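Scroll down for the structure; my scribbles are underneath it.
2 protein chains.
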Amino acid sequence: MHKITQYLPILSWARTYNRDTATSDIVAAVIVTIMLIPQSLAYALLAGLPAEMGLYASILPLVAYAIFGTSRALSVGPVAVVSLMTVAAIGNLGLTDPAQIALAAITLAFLSGMILLAMGILRLGFLANFLSHPVIAGFITASGLLIAASQLKHIFGVEVHGHTLPQVIGDLWAHLGQTNGFTLALGTAAVAFLFWVRKGLKPLLLSKGLTPRMADVLTKAGPVAAVVATVLVTWAFGLNTQGVKIVGEVPMGLPPLSTPSFDLSLWNQLFLSALLISVIGFVESVSVAQTLAAKKRQRIDPDQELIGLGASNVAATVSGGYPVTGGFARSVVNFDAGAETPAAGAYTAIGIAFAALFLTPLLYFLPNATLAATIIVAVLSLVDFSILKKAWGYSRVDFSAVAATIVLTLGFGVETGVSAGVILSIALHLYKTSRPHVAEVGLVPGTQHFRNIHRHRVDTCPHMVTLRVDESLYFANARFLEDYVLNRVARDHDLHHVVLMFPAVSEVDMSALETLEELNTRLSEMGIAMHLTEVKGPVMDRLKRSHFLDELTGDVFLSQFDAWQKLGPGQQSNPAKGIKQEGVAAQ
Amino acid sequence: MHKITQYLPILSWARTYNRDTATSDIVAAVIVTIMLIPQSLAYALLAGLPAEMGLYASILPLVAYAIFGTSRALSVGPVAVVSLMTVAAIGNLGLTDPAQIALAAITLAFLSGMILLAMGILRLGFLANFLSHPVIAGFITASGLLIAASQLKHIFGVEVHGHTLPQVIGDLWAHLGQTNGFTLALGTAAVAFLFWVRKGLKPLLLSKGLTPRMADVLTKAGPVAAVVATVLVTWAFGLNTQGVKIVGEVPMGLPPLSTPSFDLSLWNQLFLSALLISVIGFVESVSVAQTLAAKKRQRIDPDQELIGLGASNVAATVSGGYPVTGGFARSVVNFDAGAETPAAGAYTAIGIAFAALFLTPLLYFLPNATLAATIIVAVLSLVDFSILKKAWGYSRVDFSAVAATIVLTLGFGVETGVSAGVILSIALHLYKTSRPHVAEVGLVPGTQHFRNIHRHRVDTCPHMVTLRVDESLYFANARFLEDYVLNRVARDHDLHHVVLMFPAVSEVDMSALETLEELNTRLSEMGIAMHLTEVKGPVMDRLKRSHFLDELTGDVFLSQFDAWQKLGPGQQSNPAKGIKQEGVAAQ
Numbered sequence: 002m003h004k005i006t007q008y009l010p011i012l013s014w015a016r017t018y019n020r021d022t023a024t025s026d027i028v029a030a031v032i033v034t035i036m037l038i039p040q041s042l043a044y045a046l047l048a049g050l051p052a053e054m055g056l057y058a059s060i061l062p063l064v065a066y067a068i069f070g071t072s073r074a075l076s077v078g079p080v081a082v083v084s085l086m087t088v089a090a091i092g093n094l095g096l097t098d099p100a101q102i103a104l105a106a107i108t109l110a111f112l113s114g115m116i117l118l119a120m121g122i123l124r125l126g127f128l129a130n131f132l133s134h135p136v137i138a139g140f141i142t143a144s145g146l147l148i149a150a151s152q153l154k155h156i157f158g159v160e161v162h163g164h165t166l167p168q169v170i171g172d173l174w175a176h177l178g179q180t181n182g183f184t185l186a187l188g189t190a191a192v193a194f195l196f197w198v199r200k201g202l203k204p205l206l207l208s209k210g211l212t213p214r215m216a217d218v219l220t221k222a223g224p225v226a227a228v229v230a231t232v233l234v235t236w237a238f239g240l241n242t243q244g245v246k247i248v249g250e251v252p253m254g255l256p257p258l259s260t261p262s263f264d265l266s267l268w269n270q271l272f273l274s275a276l277l278i279s280v281i282g283f284v285e286s287v288s289v290a291q292t293l294a295a296k297k298r299q300r301i302d303p304d305q306e307l308i309g310l311g312a313s314n315v316a317a318t319v320s321g322g323y324p325v326t327g328g329f330a331r332s333v334v335n336f337d338a339g340a341e342t343p344a345a346g347a348y349t350a351i352g353i354a355f356a357a358l359f360l361t362p363l364l365y366f367l368p369n370a371t372l373a374a375t376i377i378v379a380v381l382s383l384v385d386f387s388i389l390k391k392a393w394g395y396s397r398v399d400f401s402a403v404a405a406t407i408v409l410t411l412g413f414g415v416e417t418g419v420s421a422g423v424i425l426s427i428a429l430h431l432y433k434t435s436r437p438h439v440a441e442v443g444l445v446p447g448t449q450h451f452r453n454i455h456r457h458r459v460d461t462c463p464h465m466v467t468l469r470v471d472e473s474l475y476f477a478n479a480r481f482l483e484d485y486v487l488n489r490v491a492r493d494h495d496l497h498h499v500v501l502m503f504p505a506v507s508e509v510d511m512s513a514l515e516t517l518e519e520l521n522t523r524l525s526e527m528g529i530a531m532h533l534t535e536v537k538g539p540v541m542d543r544l545k546r547s548h549f550l551d552e553l554t555g556d557v558f559l560s561q562f563d564a565w566q567k568l569g570p571g572q573q574s575n576p577a578k579g580i581k582q583e584g585v586a587a588q
Numbered sequence: 002m003h004k005i006t007q008y009l010p011i012l013s014w015a016r017t018y019n020r021d022t023a024t025s026d027i028v029a030a031v032i033v034t035i036m037l038i039p040q041s042l043a044y045a046l047l048a049g050l051p052a053e054m055g056l057y058a059s060i061l062p063l064v065a066y067a068i069f070g071t072s073r074a075l076s077v078g079p080v081a082v083v084s085l086m087t088v089a090a091i092g093n094l095g096l097t098d099p100a101q102i103a104l105a106a107i108t109l110a111f112l113s114g115m116i117l118l119a120m121g122i123l124r125l126g127f128l129a130n131f132l133s134h135p136v137i138a139g140f141i142t143a144s145g146l147l148i149a150a151s152q153l154k155h156i157f158g159v160e161v162h163g164h165t166l167p168q169v170i171g172d173l174w175a176h177l178g179q180t181n182g183f184t185l186a187l188g189t190a191a192v193a194f195l196f197w198v199r200k201g202l203k204p205l206l207l208s209k210g211l212t213p214r215m216a217d218v219l220t221k222a223g224p225v226a227a228v229v230a231t232v233l234v235t236w237a238f239g240l241n242t243q244g245v246k247i248v249g250e251v252p253m254g255l256p257p258l259s260t261p262s263f264d265l266s267l268w269n270q271l272f273l274s275a276l277l278i279s280v281i282g283f284v285e286s287v288s289v290a291q292t293l294a295a296k297k298r299q300r301i302d303p304d305q306e307l308i309g310l311g312a313s314n315v316a317a318t319v320s321g322g323y324p325v326t327g328g329f330a331r332s333v334v335n336f337d338a339g340a341e342t343p344a345a346g347a348y349t350a351i352g353i354a355f356a357a358l359f360l361t362p363l364l365y366f367l368p369n370a371t372l373a374a375t376i377i378v379a380v381l382s383l384v385d386f387s388i389l390k391k392a393w394g395y396s397r398v399d400f401s402a403v404a405a406t407i408v409l410t411l412g413f414g415v416e417t418g419v420s421a422g423v424i425l426s427i428a429l430h431l432y433k434t435s436r437p438h439v440a441e442v443g444l445v446p447g448t449q450h451f452r453n454i455h456r457h458r459v460d461t462c463p464h465m466v467t468l469r470v471d472e473s474l475y476f477a478n479a480r481f482l483e484d485y486v487l488n489r490v491a492r493d494h495d496l497h498h499v500v501l502m503f504p505a506v507s508e509v510d511m512s513a514l515e516t517l518e519e520l521n522t523r524l525s526e527m528g529i530a531m532h533l534t535e536v537k538g539p540v541m542d543r544l545k546r547s548h549f550l551d552e553l554t555g556d557v558f559l560s561q562f563d564a565w566q567k568l569g570p571g572q573q574s575n576p577a578k579g580i581k582q583e584g585v586a587a588q
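Sequence order for the protein chains is A and B. For the first sequence, my numbering begins at 2 and goes up steadily by one. For the second sequence, my numbering begins at 2 and goes up steadily by one.
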């Protein structure tokens, strides 16, 4: 029973579902639906797909998430970053036939769904942790900028190609002479109006005496108002005959039943993109879901989230959609509007289905410029370069990861940018741990405490040197320690004891063990005994399984103070005390 | 001046060069030359190249290393593993024209030389540390087995293709009916003779009253004896007309001046192989050099070794050779024979040049089977499966890295094997550190020491929980800690203080900082204060650069015992003491 509710979270919340919860959910669903209709059309346009695919991706996937998802506020559907990654992935294929492009998008949703489900079943949610916060922040900022730039072509009414900022800006600049005045006027007006709605409308409505909730609903309806107004203007003045690009015929009706391509070479070409889309989509979705769950002291289960999002993408596949995930802005709206359970998502699906059934003829005269304006205003809120300043102040390593992610995303596209960000974070982390901090320590007078000789006034002893190793020892840093110790010992001809203090060593792998053995042998050849102190339980257990402790020329002390008492200044008369004499080679 | 001797180590040892050192070096060079003549021909055969390229690769590269290398005993030239990697790399190109194949090998040496030089100049020697000992051991063992298997075709006198163990064995089995009896007889006799030389000859010679040095020289001459005997037999009985494959015409004279191909698409195809060859060659060479240097209390400089090996490969390029590195067996022989300086390598080069000038006509009747026998006997000493047992006993993680390296090298070839080994070691390491050990600790009665409550009898307090974090915090493990703390806190409704003990935390990156901030906020929402103790200097410096310490609801204590005195059982009357009240949200 525990198992079933774990994999079908709907069973746990549906039992307590009542009229109050339903009312809250329905109100939230209405608000989200109003917001989602123009957004889903706009993101389909961004993804280079027919507008209706945006609607299709906003129906069944929401129902699937309502059944399998664990977040009570997450709103699933097409989102900006994943749409951008979709157009980049499909662009790599070099397709021109719209039917082929749509099939590729459906196949991408299918692969992404399968990857997410597999990761969920294998409980690999922790893999998302390898995307560091700075890399995600840099990636989202750069993507937002890239998306906004890519939409300028619709505002100017010109043809622009390319997936990188220099390409997009260069191409736009080259075609600026072909700007369509009507399109530019409509687009600029829409952008200005939407910015005003975002910043100025709510205070105005509140000052007119509206209730906050009503003011909120009207604010969310801003994009719908822009759509209605520009559709009317375009229709009334026949602007579509004046070069203003419009959405045109959108098929009326529920999503068609569709299947992905089973062409293995296509799978092969799309696999890496699908993997990136899955991981990025998952990370974006989980971070929103966690933030919102925390506000109500709820917890979400990342591994089950993988299953929920996987199911949503499979649902997108069978209903003619494209890759979906939990959207940031939309989920916050859903939460603020009072959604109590995932059922709100299912009600939203009903709203979008209604739109697909009855409203599509009204979208015929909708200018692409309006949709572009919606996207630009939405994504510019994602752009936040303050992460650069924050990272610079905190750590150069984190800064270089953010900066590289931003530069590479803008300069070489989303897939290169995020892959490079992940690889760079891991490489920098490995580089850091490959040169562990080693501190030479001495006794803080009057205590049993040992601290860094360069930071504190401490007692030391000329015959022994104590080195505190501040990192687990593994293949990448073992040789560094060996070099460090041998260089330290080479400076000092009076030494009889080297004490390695291991309070921070949680792991000694086989490479490190062999290096310690070698270090022991080399020191022993110089007539120096090697001792260990403060070795943790699990590390000691591990060392006991090897011959290392038999070969060690010195002792293992429980605490550094024990070592000091046995080997330190009080014992100067017999500097070799503690060395097992048989282990020391003749000098 | 320091700079110049650093990059030209010859300047430091040449100043003290005298007649005694020269004598030692010349004796060592004679022994190594005797060993190297058949070996260099054999490895060229293994690499799928004309026999003379083996000789060419054993002349100028040795001179280059004598100038730029830091090891006094390393003997550079063609080696088994790099020859195997060369044939695999060139096999990928699908060439059939011998001149094209030779050009590809020369180009591979050039790329490898450039990569090594670049790594040396950028001081990237530490990158070799990312090849863990178990991965190297597994790779060498599997390569030895693969090389031995690949040479069986010469012993049986049949055609066999393939770069993996199943391919080679399967192909050999399929062609066994075409075995040439004469070849098999010669080959088997040579293998048996060489094994006997290795195991039985030296004791025999010593028992006959020869000096150990003389016995050594004669033992090293075993392969030469096998060469002479089989050449004579083949010539006398005209076995080459009976299907015994022979080396045939070997051009007489010094190496030709050659240049690599500058075809960028070829560079592109060879680059990854060249990188793997460089890194593997470097690791093999440096580990031999270090072992030998340690025996004489000398140190080698890994970064300068990159330059030495890079120069050797460039020298191989311009003199018609193929990739070279420091060989294990040969360097040990050089060392044991008394080589004192890298000049021994230069004298060896003179010996091989002499062979190339005058001895090649004598090699006409040399059967390939003899060379194969030389290789088989040499590489079987590399095969050592005991690493599997050792790794299994020590750690499952190390075991899986070795086992995967061996299986993948045998099953999918050298390049896949070693790449997978490296990636797997890093992945396993990251996986381990992504789930850091966290121990709940209590006070050891009568001391100021805190230990794991599950391993020791300790005092605890119902209002505070102390968690010792045993790993640096970074993006991959920060969320794990957050989940751990929140799950621990959820079990216990009486808590007022969570103390995180950081003695093993050497690093808190920006992702981890954000996670700590979030954890602080969540705990504060539950009315629980978060404290830190035993924070290291560098970590504290870092935290001070952020707002974290201002927002922290609790305090930072210098030692865990201070926290215990302030928050522990003695303070039960005021459980919230130590919480900055302003930081705690109303419940």
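Where is the CB? At the ideal position from N, CA and C, for every residue including glycine. This structure is a prediction, so every number in the text was calculated from the model and none was measured.
Does residue i get closer than 7 Å to chain A when you measure Cβ to Cβ?
i        : result
B:GLN7   : no
B:HIS162 : no
B:GLY538 : yes
B:PHE476 : yes
With DSSP run on the structure shown, which of helix, strand or coil describes residue i?
i        : result
A:ALA226 : helix
B:GLY327 : strand
B:ALA440 : strand
B:ILE407 : helix
B:VAL136 : helix
B:MET527 : coil
B:VAL31  : helix
A:ASN453 : strand
A:PHE111 : helix
Does any residue of chain B have a CB that is nearer than 7 Å to the CB of residue i?
i        : result
A:PRO570 : no
A:ALA505 : yes
A:SER25  : no
A:SER84  : no
May I ask you to list the residues that DSSP assigns as paired with residue i?
i        : result
A:VAL490 : Per DSSP, none; premise fails for A:VAL490.
B:HIS532 : B:VAL500
Would you verify that the beta carbon of residue i is, or is not, closer than 7 Å to some beta carbon of chain C?
i        : result
B:GLY139 : This model lacks chain C altogether, as its protein chains are A and B.
Taking one C-beta from the region 40–57 of chain B and one from the region 73–83 of chain B each time, how about it: are there three or more such pairs within less than 8 Å? yes
When you compare the region 155–167 of chain A with the region 331–346 of chain A, are there three or more beta-carbon pairs, one atom per stretch, that lie closer than 8 Å? Taking a contact to require three or more Cβ pairs closer than 8 Å, the region 155–167 of chain A and the region 331–346 of chain A do not qualify as touching.
With a threshold of 8 Å, are at least 3 pairs of Cβ atoms found where one atom belongs to the region 215–228 of chain A and the other to the region 189–198 of chain A? yes
Enumerate, from N- to C-terminal direction, the unbroken alpha helix (DSSP H) stretches of 4 or more residues contained entirely within the region 61–90 of chain A. Counting whole runs of 4 or more residues, the region 61–90 of chain A contains the alpha helix (DSSP H) stretches 61–69.
Those runs of the beta strand (DSSP E) which lie wholly inside the region 372–419 of chain A and span at least 3 residues: none
Identify every run of the beta strand (DSSP E) within the region 238–285 of chain A, keeping only runs that are complete inside it and at least 3 residues long; order them along the chain. none
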